[in-house]
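> Residue numbers (the numbering used here): 1 to 184.
We put the CB at the ideal spot given by N, CA and C, even for glycine.
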Amino acid sequence: MRTTTVDVGQLPASSSDDAPLVERLVAIVNDAYAAGEVGMWRDGAARVTSQGMRALIAAGEIVHAGIDGRTVGCVHLRRVDATTWAFGMLATDPAVQGGGIGRTLVDAAESIAQSRGASRMQLELLVPTAQEQASKAALGAWYARRGYAITTTRPFALDYPEIAGHLAVECEYQVWHRSLAASA
Ligand SMILES: CC(C)(COP(=O)(O)OP(=O)(O)OC[C@H]1O[C@@H](n2cnc3c(N)ncnc32)[C@H](O)[C@@H]1OP(=O)(O)O)[C@@H](O)C(=O)NCCC(=O)NCCS
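Okay, structure coming up:
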C-alpha cells in the first residue's frame, strides 16, 4: 500500500539558492491568489516575485509543505514584536486544496511562533469593500473557527497607496488576531 508523507517545516536560509524550489513556490502563491482574488486586481498583479520569495526564504520566514517530496504549499511567518507574530501569503497547490495542507501550515506557523515566545498571532485579509467575495468569506469563516477575530479594518488605499492603484475594486484590509496562550 502506498503511504503519503506530508512534511511541514521552515525552509533553511540556504534554500533561497534553490531556483526550481523558488519558482515552484512563486507559482503556487501567485496561482492561488489569482484564483482567490479573481476580479480584485486590474492587471493580474502578482502576489510575490522570485526576488521577493528568495529574500523571504533567506530570512528564514517561509514555512514549506511537501507531499512525497513535492512542494504543495507555503506560508510566510514573521515576528512583529516581542509578543506578536504574523502569518501571510498562505497558499496551497489547487490539486491538494481541501485536503488539510492549509490547516497543517497554519498549525505549524502557530506552533513555531509559540515556541519562540509569541502569545498572539496576526493575519491580514484583503476584501472588496462593497461586495462579498465568496473565497474571502470562506477564509474569514475558517479563521473565525480557528479562534481569530477582526481587531481592525482599514481602507487599503490609505495604507498602501502604491499598490492600491492596481486594484480593480475598492478594498479594505482586515487585521485578525488570535491569542496563542489558550492552546499553550
Ligand atoms: C486558503 C488556502 C491556503 C487553504 O488551503 P487548503 O489546503 O485548502 O486548506 P485545508 O484543506 O486545510 O482547509 C482549510 C479549511 O477550509 C475548509 N475548506 C477547504 N476547502 C473548502 C471549500 N471548498 N469550501 C468550504 N470550506 C473549505 C476546510 O474544511 C478547513 O476548515 P476546518 O479546518 O475548519 O476543517 C487555499 O485555499 C489557498 O491557497 N487559497 C488562495 C490563497 C489565499 O486566499 N490565501 C489566504 C489569504 S489570507
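1) Determine contact between the stretch 45 to 55 and the stretch 108 to 116, defined as no fewer than three beta-carbon pairs at a distance below 8 Å.
2) Cβ of residue 150 versus every heavy atom of ligand 1: is any distance shorter than 6 Å?
3) Can you tell me whether residue 84 sits near ligand 1, meaning its C-beta is under 6 Å from at least one heavy atom of the ligand?
4) Following the continuous beta strand (DSSP E) through residue 89, name the residue where it begins and the one where it ends.
5) I need the boundaries of the beta strand (DSSP E) containing residue 173, first residue and last residue.
6) Which runs of the beta strand (DSSP E), 3 residues or longer, sit entirely within the stretch 12 to 69?
7) Hey, would you say residue 96 sits closer than 7 Å to residue 72, going by beta carbons?
8) My guess is that residue 6 and residue 57 are in contact by the Cβ rule of under 8 Å, so how many angstroms apart are they, rounded?
9) Skipping 5 residues on each side, what residues in its chain have a beta carbon closer than 7 Å to that of residue 93?
10) In chain order, what residues of the same chain have a beta carbon less than 6 Å from the beta carbon of residue 79, not counting five sequence neighbours either side?
11) Going by alpha carbons, who is nearest to residue 122 out of 45, 17, 82 and 160?
12) Looking at the structure shown, is residue 162 part of a helix, part of a strand, or coil, going by DSSP?
13) May I ask you to report which of helix, strand or coil DSSP gives residue 127?
14) In the DSSP assignment, find the beta strand (DSSP E) that holds residue 9 and state where it starts and stops.
15) With three or more C-beta pairs closer than 8 Å as the rule, is the stretch 141 to 149 touching the stretch 30 to 48?
16) For residue 106, which residues of its own chain have a beta-carbon under 8 Å away from its beta-carbon, when the five flanking residues on both sides are left out?
17) Run through DSSP, which three-state label would residue 145 get?
A quick look at the data gives this:
1) no
2) Here the question's residue 150 lines up with position 150 in the sequence shown. Not so, every heavy atom of ligand 1 lies at least 6 Å from the Cβ.
3) Numbered from 1 along the sequence shown, position 84 holds the residue referred to as residue 84. No, ligand 1 has no heavy atom inside 6 Å of this Cβ.
4) As a first step, residue 89 is located in the sequence shown; it is residue number 89 there, counting from the start. For residue 89, the enclosing beta strand (DSSP E) has its first and last residue at 84 to 92.
5) For the purposes of this step, residue 173 is taken as the residue at position 173 of the sequence shown. That run of the beta strand (DSSP E) goes 171 to 179.
6) 62 to 67
7) Residue numbering aside, residue 96 sits at position 96 when the sequence shown is read from its first letter. Residue numbering aside, residue 72 sits at position 72 when the sequence shown is read from its first letter. Yes, the pair counts as a contact, with Cβ atoms nearer than the cut-off.
8) Here the question's residue 6 lines up with position 6 in the sequence shown. Here the question's residue 57 lines up with position 57 in the sequence shown. Not a contact, Cβ separation roughly 20 Å.
9) Mapped onto the sequence shown, residue 93 falls at position 93. Within the same chain, residue 93 has close Cβ partners 28, 72 and 73.
10) On the sequence shown, position 79 is the one that residue 79 refers to. Closer than 6 Å at Cβ, skipping near neighbours: 85.
11) For the purposes of this step, residue 122 is taken as the residue at position 122 of the sequence shown. Of the candidates 45, 17, 82 and 160, the one whose C-alpha sits nearest the C-alpha of residue 122 is 82.
12) Sequence index remark: in the sequence shown, residue 162 carries index 162 (1-based). In the structure shown, residue 162 sits in a helix (DSSP, three-state: H, G or I).
13) The residue labelled residue 127 in the question sits at position 127 within the sequence shown. Note: residue 127 maps to strand in three-state DSSP.
14) Residue mapping note: residue 9 aligns to position 9 of the sequence shown, counting from 1. Its beta strand (DSSP E) spans residues 6 to 10.
15) no
16) Locating residue 106 in the sequence shown gives position 106, where the first residue counts as 1. Contacts found: 75, 87, 90 and 146.
17) Residue numbering aside, residue 145 sits at position 145 when the sequence shown is read from its first letter. In the structure shown, residue 145 sits in a helix (DSSP, three-state: H, G or I).
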